[in-house]
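S.K.: Residues in the sequence shown are numbered consecutively from 0, following numbering that gives the first Met the number 0. Backbone N, C-alpha and C fix where the C-beta goes; we use that ideal spot for every residue, glycine too.
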Amino acid sequence: MRRFVRASLASAALFVTALTGLASAQPYYVPDDEPPPPRRRAVGYNCEAIQRGFTGPHPYSCPLAGPRPLGMRCFCDLPIAPFSPPQPPAPGRVVP
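1. If we call anything under 8 Å between Cβ atoms a contact, is Ile79 one with Pro85?
2. Count the other CB atoms within 10 Å of the CB of Arg39; is the residue buried (16 or more) or exposed (fewer)?
3. Please list, in chain order, all residues of the same chain as Cys75 whose beta carbon is under 7 Å from its beta carbon, the five residues on each side excluded.
4. First and last residue of the beta strand (DSSP E) that includes Arg40?
5. With a cut-off of 8 Å on the beta carbons, I'd call Val94 and Gly43 a contact; round off their distance for me.
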């Protein structure tokens, strides 16, 4: 009976060792000569600024000449009313 118990314990230990030896992690290989993919930044085509008016600040949006990164500072040339003096460009942020 002892031989049977020893043999079953030995075979169980061998089985567990074989299972844990097969489950090893494989490293992920990335060649050095291949550059990483470029990161794409979100871009926007409009500038949202705050326009000063007679009744307080008002949001104002103007188109940009080309794509710019979102959140970047931009300036809008505000329209001039016939009875108001020229206004400086209003600072804003780039939005989609």
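M.R.: Working from what's here:
1. yes
2. exposed
3. Cys46, Ala48, Tyr59, Cys61, Pro88, Ala89, Gly91
4. Counting along the chain, Arg40 falls outside any beta strand (DSSP E), and DSSP gives it neither H nor E.
5. 5 Å
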